[in-house]
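Asks: One structure, as structure tokens, below. Some questions next.
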Amino acid sequence: MVKSATKYETVIGLEVHVQLQTQSKMFCSCRSDYQAADANTRVCPVCLGLPGTLPVINRKAVEYTIMTGLALNCRIPGFSKFDRKNYPYPDLMKGYQISQYDLPLAVEGFLELDAPEGTMDSERRRIGITRVHLEEDVAKLQHHLSDPSDSYSLVDVNRSGVPLMEVVSEPDMRSPEEAREYLMTLHSILQYLGVSTGNMQDGSFRCDANISIRPEGSEEFGTRSEVKNMNSFRSVFQALQFEVDRQRKVVEGGGKVVQETRGWVEERSVTVSQRSKEQAHDYRYFPEPDLPPLSIDGAWVEEIRGRLPELAAQRRERFVRQFAIPDYDAALLTNSKGMADFFEETVVKKQSSGADSAPAPQEFAKSASNWILGDLSRLMNLDNGDVAGLKVTPAHLAELIDLVEDGSISVTMAKTVLEDAFSSGDSPVKIVKEKGYTQISDSDSVKPAVAEAIAANPKAVADYMGGKDTATRFLVGQVMKITKGQAKPELVNQLVVSMLDDLKENA
Ligand SMILES: [Zn+2]
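Each residue of the sequence shown is one higher than the one before, starting from 62 at the first, in the numbering used here.
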């Protein structure tokens with residue numbers, strides 16, 4: 062193999078398919094929540110593709126697509142139309158898919174990525190959005206091939222005709238990291254807009270990636286491969302990393318990258334060739350004769366623009382301004398709409414309760430943010446990582462923070478109480494009462510434990526006498542252990558130091 066000193070630049074463009082959360086399907090009145098339904102129960106002559114049926118455009122799906130286009134800074138042309146994309150496959154009931162070819166609903170936008178950590182805001186990256194268009198999803202095939210003498214495939218038509226929006230980016234990303242960030246940002250925008258569940262596992266948010274490499278400084282694009290079958294942010298990232306490496310090895314070995322479609326095989330962490338350029342489909346697009354072209358009213362577009370909700374980036378800025386939490390924390394909180402809502406509700410709950418002992422609102426917000434990003438996130442990650450369906454509520458968290466603030470329980474105890482509330486859904490006040498978690502804050506009750514710890518640890522005592530002040534930390538830990546975390550840490554610290562100093566004087 063020839064070792065070359067050539068440095069390569071990675072070029073990535075992404076195509077994301079998003080199922081829209083409308084009540085009915087794209088061209089018929091079947092309900093679109095097919096996931097929960099038994100196979101082939103959300104079907105009608107239209108989405109079955111029976112002859113003689115006519116499609117009707119779902120207005121809400123068009124609205125959601127325009128809304129997404131606006132959130133992605135796109136231009137919304139006044140004229141749009143649907144086209145037929147022809148190809149034969151058993152998951153396609155009509156033998157063609159209604160999609161959009163040359164006149165999509167939204168064009169020429171961009172999405173802004175955060176500046177890399179440690180750099181200026183001016184280094185934010187803009188990723189071009191080529192287009193956002195609307196089409197229909199296809200049926201779902203279930204292959205049973207393990208027994209060669211009895212292999213068969215089942216088809217579930219429920220998904221056929223579910224509104225599917227495609228967001229196509231420019232080839233503006235330069236690393237797998239950047240591609241992952243683009244995806245997460247796009248995902249967050251869609252969730253804030255409320256146009257899709259964005260669930261990657263169930264296929265509501267699917268990504269195909271075009272990737273190539275070229276010598277650094279070159280203007281020309283290298284030959285690209287298209288990678289499919291990735292169903293998590295992590296698998297997109299890993300598949301792209303694998304492709305960068307594979308293509309570099311091909312080129313450095315004197316070979317040429319071929320234009321092809323490759324599939325990501327999760328179990329083996331590799332991409333494998335599925336289809337070369339020669340086998341690429343010719344879709345023979347032509348305007349859909351069963352649907353009128355769409356004339357998009359400018360007033361309607363402006364009305365939709367006026368309804369755009371606050372998105373993650375704006376909410377993050379507001380959190381910093383309103384609650385004085387660090388920008389980094391605000392970014393983590395607002396990445397997921399659910400988490401940002403949880404945080405804001407916690408703070409609002411507090412403000413409306415108006416208790417006397419209440420800490421300053423900003424201090425309270427900081428605590429809430431710390432609990433959510435720390436212990437609550439840890440518990441959530443052990444579970445399914447989702448805020449939706451949590452048993453512990455913002456009201457519970459507000460209560461927990463109050464219990465710590467007014468000295469009823471220590472932070473250590475609060476962690477245990479939160480774990481309990483997380484799994485039981487009981488209120489922290491109830492848990493503290495029932496389990497008898499109270500903080501011991503009178504000296505006379507703590508002193509015996511301090512004396513016990515000092516008597517049991519002569520080495521630490523000797524260290525302290527020898528001038529090693531940090532030895533107190535170990536002793537405080539021992540006292541906390543003896544009191545099962547119930548002693549007030551500040552008090553323990555005070556008592557340990559004063560008792561040790563007494564010993565020193567009397568030595
Ligand atoms: Zn139908």
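In this text, a Cβ means the ideal position worked out from N, Cα and C, and glycines have one as well.
Which residues in the same chain as Asn290 place their Cβ atom closer than 7 Å to its Cβ, once the five residues preceding and following it in sequence are excluded?
Replies: On the sequence shown, residue 290 is found 229 positions in, with the first residue counted as 1. So the qualifying residues of the chain are Gly324 and Trp325.
Asks: Identify every run of the beta strand (DSSP E) within the segment 149 to 180, keeping only runs that are complete inside it and at least 3 residues long; order them along the chain.
Replies: The segment 149 to 180 contains these whole beta strand (DSSP E) runs: 157 to 160 and 167 to 174.
Asks: Please list, in chain order, all residues of the same chain as Ile118 whose beta carbon is under 8 Å from its beta carbon, the five residues on each side excluded.
Replies: Against the sequence shown, residue 118 aligns to sequence position 57. Here the set comprises Met87, Phe88, Phe143, Leu352 and Leu355.
Asks: Let's test the definition: count the other Cβ atoms within 10 Å of the Cβ of Gln572 and tell me whether it reaches 16, buried, or not, exposed.
Replies: Outside the modelled stretch of the chain, which goes from 62 to 568, sits residue 572, for which no answer is possible.
Asks: Does the beta-carbon of Lys569, which I'm using as the reference point, lie nearer than 7 Å to any heavy atom of ligand 1?
Replies: Residue 569 is absent from the model: the chain starts at 62 and stops at 568.
Asks: Do three or more CB pairs link the segment 252 to 267 to the segment 73 to 82 at distances below 8 Å?
Replies: The segment 252 to 267 vs the segment 73 to 82: in contact.
Asks: If we ignore side chains and look at the alpha-carbon of each, how far apart do Ser418 and Ala516 end up?
Replies: Taking the first residue of the sequence shown as position 1, residue 418 is located at position 357. Taking the first residue of the sequence shown as position 1, residue 516 is located at position 455. The pLDDT assigned to Ser418 is 49, lower than 50, so where the model puts this residue is not dependable, and the model offers no usable value.
Asks: Only counting runs of 3 or more residues, tell me where the beta strand (DSSP E) segments fall wholly within the segment 283 to 343, in order along the chain.
Replies: The qualifying runs are 286 to 291, 321 to 326 and 331 to 337.
Asks: Give the straight-line distance between the Cα atoms of Asp198 and Glu406, rounded to the nearest whole angstrom.
Replies: Counting from 1 along the sequence shown, the entry for residue 198 is found at position 137. Counting from 1 along the sequence shown, the entry for residue 406 is found at position 345. Straight-line Cα distance between these residues: approximately 36 Å.
Asks: Reducing DSSP to helix, strand and coil, say where Arg534 ends up.
Replies: The residue given as residue 534 occupies position 473 in the sequence shown. DSSP places Arg534 in helix when its eight states are reduced to three.
Asks: What did DSSP end up calling Pro116 once you bin it into helix, strand or coil?
Replies: On the sequence shown, position 55 is the one that residue 116 refers to. Three-state DSSP puts Pro116 in coil, outside helix and strand.
Asks: The alpha helix (DSSP H) with Asn431 in it runs from where to where?
Replies: Numbered from 1 along the sequence shown, position 370 holds the residue referred to as residue 431. Pro422 to Trp432 is the extent of the alpha helix (DSSP H) around Asn431.
Asks: How about Val223: is its Cβ closer than 7 Å to a heavy atom in ligand 1?
Replies: Taking the first residue of the sequence shown as 1, we reach residue 223 at position 162. Answer for Val223: no, Cβ out of range of ligand 1.
Asks: Relative to ligand 1, is the shortest distance from any of its heavy atoms to the C-beta of Cys135 smaller than 7 Å?
Replies: Here residue 135 is taken as the residue at index 74 of the sequence shown, counted from 1. Every heavy atom of ligand 1 is 7 Å or more from the Cβ of Cys135, so no.
Asks: Can you pull every residue whose C-beta falls closer than 5 Å to some heavy atom of ligand 1, listed in chain order?
Replies: Chain-ordered list of matching residues: Cys89, Cys91, Cys105, Val107 and Cys108.
Asks: Quick check: the Cα distance between Arg92 and Gln84, rounded to an integer number of angstroms?
Replies: In the sequence shown, residue 92 corresponds to position 31, counting from 1. In the sequence shown, residue 84 corresponds to position 23, counting from 1. So the two alpha carbons sit approximately 6 Å from each other.
Asks: Rounded to a whole number of angstroms, what is the C-alpha to C-alpha distance between Arg295 and Val511?
Replies: The residue given as residue 295 occupies position 234 in the sequence shown. The residue given as residue 511 occupies position 450 in the sequence shown. When rounded, the distance between both Cα atoms is 50 Å.
Asks: Let me check understanding here. Comparing Cα to Cα, which of Pro151, Lys155 and Ser334 lies closest to Pro112?
Replies: The count along the sequence shown starts at 1 and reaches residue 112 at position 51. Among Pro151, Lys155 and Ser334, the Cα nearest to that of Pro112 belongs to Lys155.
Asks: Identify which residue in Val537, Tyr69, Ser485 and Met560 has its Cα closest to the Cα of Pro276.
Replies: As a first step, residue 276 is located in the sequence shown; it is residue number 215 there, counting from the start. Considering only alpha carbons, the answer is Tyr69.
Asks: Does DSSP put Asn554 in a helix, in a strand, or in coil?
Replies: Translated into positions along the sequence shown, residue 554 becomes position 493. Residue state, collapsed to three classes: helix.
Asks: Using DSSP with H/G/I as helix, E/B as strand and the rest coil, what is Leu202?
Replies: Walking along the sequence shown from the start, residue 202 turns up at place 141. Looking at Leu202 - three-state DSSP - the assignment turns out to be strand.
Asks: For Glu280, does the three-state DSSP call read helix, strand or coil?
Replies: To locate residue 280, count along the sequence shown from 1; it is residue 219. In the structure shown, Glu280 sits in coil (DSSP, three-state: anything other than H, G, I, E or B).
Asks: List the whole-angstrom C-beta distance separating Pro224 from Val193, where the pair is believed to meet the contact cut-off of C-beta under 8 Å.
Replies: Along the sequence shown, one-based indexing puts residue 224 at 163. Along the sequence shown, one-based indexing puts residue 193 at 132. At roughly 13 Å, the Cβ-Cβ gap does not stay under 8 Å, so Pro224 and Val193 are not in contact.
Asks: Is it buried or exposed, Lys411, if we count other Cβ atoms within 10 angstroms and call 16 or more buried?
Replies: Here the question's residue 411 lines up with position 350 in the sequence shown. Buried, since its Cβ has 16 or more Cβ neighbours within 10 Å.
Asks: Quick check on Asp351: does DSSP put it in helix, strand or coil?
Replies: Taking the sequence shown and counting its residues from 1, one reaches residue 351 at position 290. Residue state, collapsed to three classes: coil.
Asks: Which residue wins for smallest C-alpha separation from Met400, given the options Val297, Ala514, Ser249 and Ile365?
Replies: Your numbering for residue 400 matches position 339 in the sequence shown. When only C-alpha atoms are compared, the closest one is Ser249.
Asks: What's the C-alpha gap between Gln203 and Asp217?
Replies: By 1-based counting over the sequence shown, the position of residue 203 is 142. By 1-based counting over the sequence shown, the position of residue 217 is 156. So the two alpha carbons sit approximately 8 Å from each other.
Asks: Look up Ile543 in the DSSP assignment and say whether it is helix, strand or coil.
Replies: Stepping through the sequence shown from its first residue, residue 543 is reached at position 482. Looking at Ile543 - three-state DSSP - the assignment turns out to be helix.
Asks: Which residues bound the alpha helix (DSSP H) around Gly367?
Replies: The residue given as residue 367 occupies position 306 in the sequence shown. From DSSP, the alpha helix (DSSP H) with Gly367 extends over Gly359 to Gly367.
Asks: Span of the beta strand (DSSP E) holding Glu242?
Replies: As a position in the sequence shown, residue 242 is number 181, starting the count at 1. No beta strand (DSSP E) contains Glu242, which is instead part of the alpha helix (DSSP H) from Pro237 to Leu254.
Asks: Measure the CB-CB distance between Pro232 and Val305 and report whether it falls below 8 Å.
Replies: Locating residue 232 in the sequence shown gives position 171, counting from the first residue. Locating residue 305 in the sequence shown gives position 244, counting from the first residue. Going by C-beta atoms, Pro232 is not nearer than 8 Å to Val305.
Asks: Relative to the C-alpha of Gln547, which residue among Ile492, Thr499 and Thr322 is closest?
Replies: As a working mapping, residue 547 is identified with position 486 in the sequence shown. For the residues Ile492, Thr499 and Thr322, the minimum Cα distance to Gln547 belongs to Thr499.
Asks: Measuring straight from C-alpha to C-alpha, what distance separates Gln161 and Pro350?
Replies: As a position in the sequence shown, residue 161 is number 100, starting the count at 1. As a position in the sequence shown, residue 350 is number 289, starting the count at 1. Distance between the alpha carbons of Gln161 and Pro350: 13 Å.
Asks: If I'm right that Glu480 touches Leu440 with Cβ under 8 Å, what's the distance once you round it to whole angstroms?
Replies: Indexing the sequence shown from 1 puts residue 480 at position 419. Indexing the sequence shown from 1 puts residue 440 at position 379. At roughly 7 Å, the Cβ-Cβ gap stays under 8 Å, so Glu480 and Leu440 are in contact.
Asks: Relative to the alpha-carbon of Phe282, which residue among Pro509, Ala568 and Val72 has its alpha-carbon at the smallest distance?
Replies: Residue mapping note: residue 282 aligns to position 221 of the sequence shown, counting from 1. With distances taken between Cα atoms, Phe282 lies closest to Val72.
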